[in-house]
Amino acid sequence: MFENLIGQDAIKKQLSAGVLQNSLPHSLMFSGEDFSGKMTAALELARSISCTRENAPWDCDCRSCRDHRVLINPDLLLLGRRYFLEEIKASAELLKRTRAVFAIYMFLRNVRKLLKRFEPVLWEGQEKKLSKYNGALTSVTEALELLDPEKPLMEEDKLNKYLDELIGNIRNLIPAVPGAPPIDQIRNISKWAHRTSSGKAKIVIIEKAETLLDSAANSLLKILEEPPAHVTFILTTDRKGSIIQTIRSRVRNFEFTPRTSKVSSQILEKLFRQESCEMNLFQFFQSWSDTDYSFISNYIRLFTDTSINNGSIKELEELFQYFDKNKSKEELKRFLRLLTDELRLRFKEDPDLYSTVRGQILVSDLLSDINRCSSNSVRYNQSSLFLMESLFYNMREKYEAFNK
Numbered sequence: 004m005f006e007n008l009i010g011q012d013a014i015k016k017q018l019s020a021g022v023l024q025n026s027l028p029h030s031l032m033f034s035g036e037d038f039s040g041k042m043t044a045a046l047e048l049a050r051s052i053s054c055t056r057e058n059a060p061w062d063c064d065c066r067s068c069r070d071h072r073v074l075i076n077p078d079l080l081l082l083g084r085r086y087f088l089e090e091i092k093a094s095a096e097l098l099k100r101t102r103a104v105f106a107i108y109m110f111l112r113n114v115r116k117l118l119k120r121f122e123p124v125l126w127e128g129q130e131k132k133l134s135k136y137n138g139a140l141t142s143v144t145e146a147l148e149l150l151d152p153e154k155p156l157m158e159e160d161k162l163n164k165y166l167d168e169l170i171g172n173i174r175n176l177i178p179a180v181p182g183a184p185p186i187d188q189i190r191n192i193s194k195w196a197h198r199t200s201s202g203k204a205k206i207v208i209i210e211k212a213e214t215l216l217d218s219a220a221n222s223l224l225k226i227l228e229e230p231p232a233h234v235t236f237i238l239t240t241d242r243k244g245s246i247i248q249t250i251r252s253r254v255r256n257f258e259f260t261p262r263t264s265k266v267s268s269q270i271l272e273k274l275f276r277q278e279s280c281e282m283n284l285f286q287f288f289q290s291w292s293d294t295d296y297s298f299i300s301n302y303i304r305l306f307t308d309t310s311i312n313n314g315s316i317k318e319l320e321e322l323f324q325y326f327d328k329n330k331s332k333e334e335l336k337r338f339l340r341l342l343t344d345e346l347r348l349r350f351k352e353d354p355d356l357y358s359t360v361r362g363q364i365l366v367s368d369l370l371s372d373i374n375r376c377s378s379n380s381v382r383y384n385q386s387s388l389f390l391m392e393s394l395f396y397n398m399r400e401k402y403e404a405f406n407k
C-alpha cells in the first residue's frame, strides 16, 4: 500500500496501519502544502479500504482495485478544483515521449480526476447548469474509451493528434467545475451516501475543502456528525485554519510535510522521467500552464519591496491593471503562492526576522494574510484587485509596526 506516495513516510506508516487494523475513522482530513501528496494518498486510501483481498496489496487484481486504478469505481466521488490542465498536459507529453504503460495509466487517471467531477449523482437536479458543456463532456468521455493500458498503443502520429484534440476538449470542459463544491452537490452526496453500495465501501474526496462556502460547509457537517458506516470522507486542504472549527473537530487530521527539493527531484525523475530537473513541483506544473506567468513572477520581488519599504503603490500600477482585467482566480492564487515563497526566503535570510520571536510572529501574520486573501477570493468571490490592494497595505502596516 501507498508505494506511490513519495516523501511522506510517517503518513504512509499511519495510514497503512489504520487500513490493516481497520482503525481509521470515517472522516479524515489531509492538510499540508500544495503538491505534498495529499490527493495521491487519498486515492490510494480509497483503493485500499475498498479492496476485497487481505492486506490490500498494491498490485491487487480484484475488480474493485482494477476500477480504482483507472478511477472508474462507481463508489468513489471527487469534488473541488485542482490544477487539471497542467497535470493532464504534463502526463500527455510523458505519454507521447515514452509510450509506456505506466504513462497510459497516469494520463487516464489525471483525465478521470476531472471527469469524476461530473458524476451524474453530483449534478442531480442541476443538470441545466451543465447543458452548454455537454458536448465537451461527451467528447472527452468517448475519446478516453480509445485508450486502454491492456491494448497496443496507437501509432505516434495518430496518438499525437488524438491527445491534442482531447486536450482541446478538456480546456472547454474545465470551466464547468465549480470554484467551490456547492451546497446542492453536498446534499446530493448525503443522499448517495445512504444508498446501498455495490462494493465494500464508498469514499468521498473533497479537494480544497477550505473553499466551501458556509452553507455547503454546514451541510457537510451534518453528514460528518453521523456518517454512514460504509462511507469514508477525506477532505484535503492547504489551509486547514480556514475550515470551520466544527468540521475540524469531527475529522482526524494527517499533516503532510512540505516536500524538499530532493524529494521533488525524485518524483519528477521517477514519475515524469525528468532527469536533473532543478524545478520544484509547483514550478514544474506551472510550466505546463497555458498562461505565461513570467509577468507575474517578475513583479513578486517588486510587490514585496514596495510594500515593506514604504514605496509608492504607483510602481505596481501595471500589475494591478493586469489583475483588474484578468478575472482568473487561478492566476491570483499563483501570485500568492510565489509571494509566500518570496517571504519565506526573506525570512530565512534576515536575522532580525529569523532569530527573534517578534520577527517570527510578523512572518506568521503576513502568511496568514496571504492565506486569507486566497480563501476570500474563492469563498466570497472578492475581486483580485481589491484583495491585492488590501494585502499591499496590510503588509506595509505590519512592517511599519514591526520597525517602530
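Counting from 4, one number per residue, gives the positions in the sequence shown under the numbering used here. Cβ coordinates follow ideal geometry from the N, Cα and C atoms, glycine included.
Per-residue burial, H197 [other beta carbons within 10 Å of its own, 16 or more giving buried]: Exposed is the call here.
What residues in its chain sit with their C-beta under 8 Å from that of L412, if we drop five residues either side in the sequence? This structure cannot speak to residue 412, because the chain is shown only from 4 to 407.
For a minimum of 4 consecutive residues, which ranges assigned as the alpha helix (DSSP H) are wholly contained in the segment 212–290? With a minimum length of 4 residues, the continuous alpha helix (DSSP H) runs that stay inside the segment 212–290 are 217–228, 248–251, 264–275 and 284–289.
Taking all protein chains shown into account, decide if L319 is buried (16 or more other Cβ within 10 angstroms of its Cβ) or exposed. Counting Cβ neighbours within 10 Å, L319 comes out buried, since at least 16 surround it.
Considering only their Cβ atoms, is the gap separating K243 from G83 smaller than 7 Å? Cβ distance not < 7 Å, so G83 and K243 don't count as in contact.
Any chance the segment 225–244 sits against the segment 25–34, with 3 or more Cβ pairs inside 8 Å? Counting Cβ pairs under 8 Å, three or more are found: they touch.
Of the listed residues T359, S193, V381 and F350, nearest to I206 (C-alpha basis): Among T359, S193, V381 and F350, the Cα nearest to that of I206 is on S193.
Taking buried to mean at least 16 other C-beta atoms within 10 Å of its own C-beta, is N384 buried or exposed? Around the beta carbon of N384, a 10 Å sphere encloses fewer than 16 other beta carbons of the protein chains shown; the residue is thus reported as exposed.
Is DSSP giving L82 helix, strand or coil here? Strand, per DSSP.
Between G408 and K154, what straight-line distance do the alpha-carbon atoms span, to the nearest angstrom? Nothing about residue 408 can be read from this structure; the chain reaches only from 4 to 407.
Any heavy atom of the ligand COA closer than 6 Å to the beta-carbon of I177? Questions concerning the ligand COA fall outside what the structure shown contains, since it holds no ligand whatsoever.
L370 to K164 span [Cα, whole Å]: Rounded to the nearest angstrom, the two C-alpha atoms are 44 Å apart.
Check the DSSP bridge columns for L31 and list the partner residues they point to. DSSP output for L31 lists I237 and R255 as bridge partner(s).
Alpha helix (DSSP H) segment containing V143, residue limits: N137 to L147 is the span of the alpha helix (DSSP H), which, as asked, contains V143.
Going by DSSP, what residues sit across from I208 in a beta bridge? DSSP output for I208 lists L81 and I237 as bridge partner(s).
Compute the Euclidean distance between the alpha carbons of I189 and I208, then round it to the nearest angstrom. If you take the alpha carbons of I189 and I208, they lie about 12 Å apart.
Which runs of the alpha helix (DSSP H) spanning at least 4 residues fall entirely within the segment 307–368, listed in chain order? The segment 307–368 contains these whole alpha helix (DSSP H) runs: 320–328, 332–352 and 354–357.
Using beta-carbon positions only, say whether R100 and L74 come within less than 7 Å of one another. The answer is no: Cβ separation not under 7 Å.
Three-state secondary structure assigned by DSSP to H197: Here H197 sits in coil by DSSP.
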